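Input: a single structure, listed below in structure tokens.
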Amino acid sequence: MTISVGLNCPACGGAIQVTEGDNVLNCGYCGSLLWVEGDTGVLTVAYRNMQDRDGVLRATERWWKKGFKARNLGQRGNLRECYPIYLPFWSTTTRVAGWICGYEERHYTDRNGNTRTERVPKEEMVLRDYRYTGIACDPGDLGIKYLRNTAGEASFADFESIPTFESTTSKDDMIESSKQSALHDAHRDADVPHVTFEKVTVIPKNIAQIYYPVWVVRYAYGERMYMVTVDGVTGEILSGRAPGDPLYQSLAVTGGTSVGGLIAAAGLVLGAAAEEPYFIIGGLFIGVVILGFTYLFFRHGSEIIEGDFKDKRATSPMDWIRSNLGGLRI
Ligand SMILES: [Zn+2]
78 MTISVGLNCP ACGGAIQVTE GDNVLNCGYC GSLLWVEGDT GVLTVAYRNM
128 QDRDGVLRAT ERWWKKGFKA RNLGQRGNLR ECYPIYLPFW STTTRVAGWI
178 CGYEERHYTD RNGNTRTERV PKEEMVLRDY RYTGIACDPG DLGIKYLRNT
228 AGEASFADFE SIPTFESTTS KDDMIESSKQ SALHDAHRDA DVPHVTFEKV
278 TVIPKNIAQI YYPVWVVRYA YGERMYMVTV DGVTGEILSG RAPGDPLYQS
328 LAVTGGTSVG GLIAAAGLVL GAAAEEPYFI IGGLFIGVVI LGFTYLFFRH
378 GSEIIEGDFK DKRATSPMDW IRSNLGGLRI
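Per the working numbering, residue 78 is the first one in the sequence shown, and the count goes up by one each step.
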């Protein structure tokens, strides 16, 4: 018996026919070898590792030279470990369909300085598929939460030789957070500032599992250990931690505090002279923003962090969801 219950190839998106009892099959469209996970019926694909140890170490050394990292990393960075792993990810497609209605406010000012507000009605039809990926296990300290690349050669050939992390997070949680993200993204795309009415259906279309090769590099600098992860398909840096450079850090702190202070002071002086409160407020605001950035840079300046780490704080619950779930537009 052939069943086709909304299963799509994780590699190419083509509809998949599964014969009952079979758990290994080839995609009829792209030929990828797929595997159907037990009784849950989740299609699973693995990508072939395209990188080797030397290439990964060279990518790490190139990364060391970029940005505000310690300038002597090349000499003092001491490579300790370099190995590939397979990380499991969920990949979902969620359809949002319906209408979002409301209005947009436009403000007009005439010659006499009178302002008038006009409400422009908006009716937006929403019909779109959103694709998300999210890691399906605890990534520990790797700084990886979602998959940016979903193109690669599908193959289970390396499965024997590369350690594989088991999938531990729930499929239902992933579907639920995908629905929330899709609804949020659909609102963003519809762009109706004041919503008065909406009728929107969010339909999970499919969920698949992707095993993705990632290289982990651990290195020491002085007394401390740092890490880098490299995409096993594209060879790009996925995440990493590195010591910052003390010179850049002190320059940034000195520069940031002086510029921030000067702008705030200039706002006060100019604002008082011109009797223009906006100058004071604007100057103080810009000054405080620059001081804030200086503080953030100083706080993280001793360490350069790239990737999806917890200590890169999100500012709103929606940002949190989004930072825990990668969005790919299709
Ligand atoms: Zn396919």
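Note that CB positions come from ideal geometry on N, CA and C, so glycine has one too.
Please read these numbers as outputs of a predicted model, since none were measured by experiment.
Counting only the same chain and skipping the five closest in sequence on each side, list residues whose C-beta sits under 6 Å from that of residue i.
{"i": "M127", "result": "V310"}
{"i": "R406", "result": "For R406, the predicted structure reports a pLDDT of 37, less than 50, and the residue's modelled location is therefore unreliable. A value from the coordinates is still provided. Cβ within range, chain order: n/a, list empty."}
{"i": "T170", "result": "D206, R208, K282, N283"}
{"i": "K387", "result": "none"}
Quick check on residue i: buried or exposed, where buried means 16 or more other Cβ atoms within 10 Å of its Cβ?
{"i": "M395", "result": "Below a pLDDT of 50, predicted positions are generally treated as unreliable, and M395, at 49, falls in that range; the measurement from the model is reported next regardless. Exposed: under 16 other Cβ atoms inside 10 Å."}
{"i": "P216", "result": "buried"}
{"i": "Y185", "result": "exposed"}
{"i": "Q152", "result": "exposed"}
{"i": "G403", "result": "Residue placement at G403 is flagged as unreliable, the pLDDT there being 48, under the threshold of 50; the coordinate-derived value follows with that caveat. So G403 ends up on the buried side."}
{"i": "Y355", "result": "exposed"}
{"i": "I280", "result": "exposed"}
{"i": "N20", "result": "Residue 20 lies beyond the residue range present for the chain, which begins at 78 and ends at 407; the question has no answer from this structure."}
{"i": "P165", "result": "buried"}
{"i": "K222", "result": "buried"}
{"i": "S258", "result": "buried"}
{"i": "G105", "result": "exposed"}
{"i": "T306", "result": "buried"}
{"i": "A88", "result": "buried"}
Looking at C-alpha atoms only, which residue of the options is the closest neighbour of residue i?
{"i": "D73", "options": "D262, N189, S254, I162", "result": "Because the chain is modelled from 78 through 407, residue 73 falls outside the range shown and cannot be assessed."}
{"i": "S379", "options": "Y124, F386, I357, V330", "result": "V330"}
{"i": "F242", "options": "I162, N103, A136, W140", "result": "I162"}
{"i": "F145", "options": "G348, V365, R318", "result": "R318"}
{"i": "K276", "options": "R193, V365, E182, I177", "result": "I177"}
{"i": "G179", "options": "P198, T192, I252", "result": "P198"}
{"i": "A341", "options": "L368, S327, W141, A351", "result": "L368"}
{"i": "E313", "options": "L328, G364, E138", "result": "E138"}
{"i": "V346", "options": "I357, L328, R135", "result": "I357"}
{"i": "T245", "options": "C214, H271, L219", "result": "C214"}
{"i": "R142", "options": "D385, I381, K387, F386", "result": "The residue you asked about is not Arg; residue 142 is Lys in the sequence shown. With distances taken between Cα atoms, K142 lies closest to I381."}
{"i": "L260", "options": "V203, F362, S168", "result": "V203"}
{"i": "E182", "options": "I287, P270, P320", "result": "P270"}
{"i": "V173", "options": "D266, E353, F236, T334", "result": "D266"}
Mapping the DSSP letters down to three states, classify residue i as helix, strand or coil.
{"i": "V366", "result": "helix"}
{"i": "T186", "result": "strand"}
{"i": "L219", "result": "coil"}
{"i": "K256", "result": "helix"}
{"i": "F233", "result": "coil"}
{"i": "Y160", "result": "strand"}
{"i": "G321", "result": "strand"}
{"i": "E138", "result": "helix"}
{"i": "R153", "result": "helix"}
{"i": "S81", "result": "Here S81 scores only 47 on pLDDT, less than 50, and its place in the model should not be relied on; the value that follows carries that caveat. Residue state, collapsed to three classes: coil."}
{"i": "P270", "result": "coil"}
{"i": "M304", "result": "strand"}
{"i": "P281", "result": "strand"}
Quick one: what's got a C-beta closer than 8 Å to residue i's C-beta in the same chain, skipping five residues either side?
{"i": "N64", "result": "Since the first residue of the chain shown is 78 and the last is 407, residue 64 is not available in this structure."}
{"i": "I239", "result": "N126, P161, I162, Y163, P290"}
{"i": "N103", "result": "S109, L110, L111"}
{"i": "A349", "result": "I357"}
{"i": "D187", "result": "R193"}
When you measure from the CB of residue i to every non-hydrogen atom of ligand 3, does any distance come out below 8 Å?
{"i": "S232", "result": "For the structure depicted, ligand 3 is absent and the ligand set comprises only ligand 1."}
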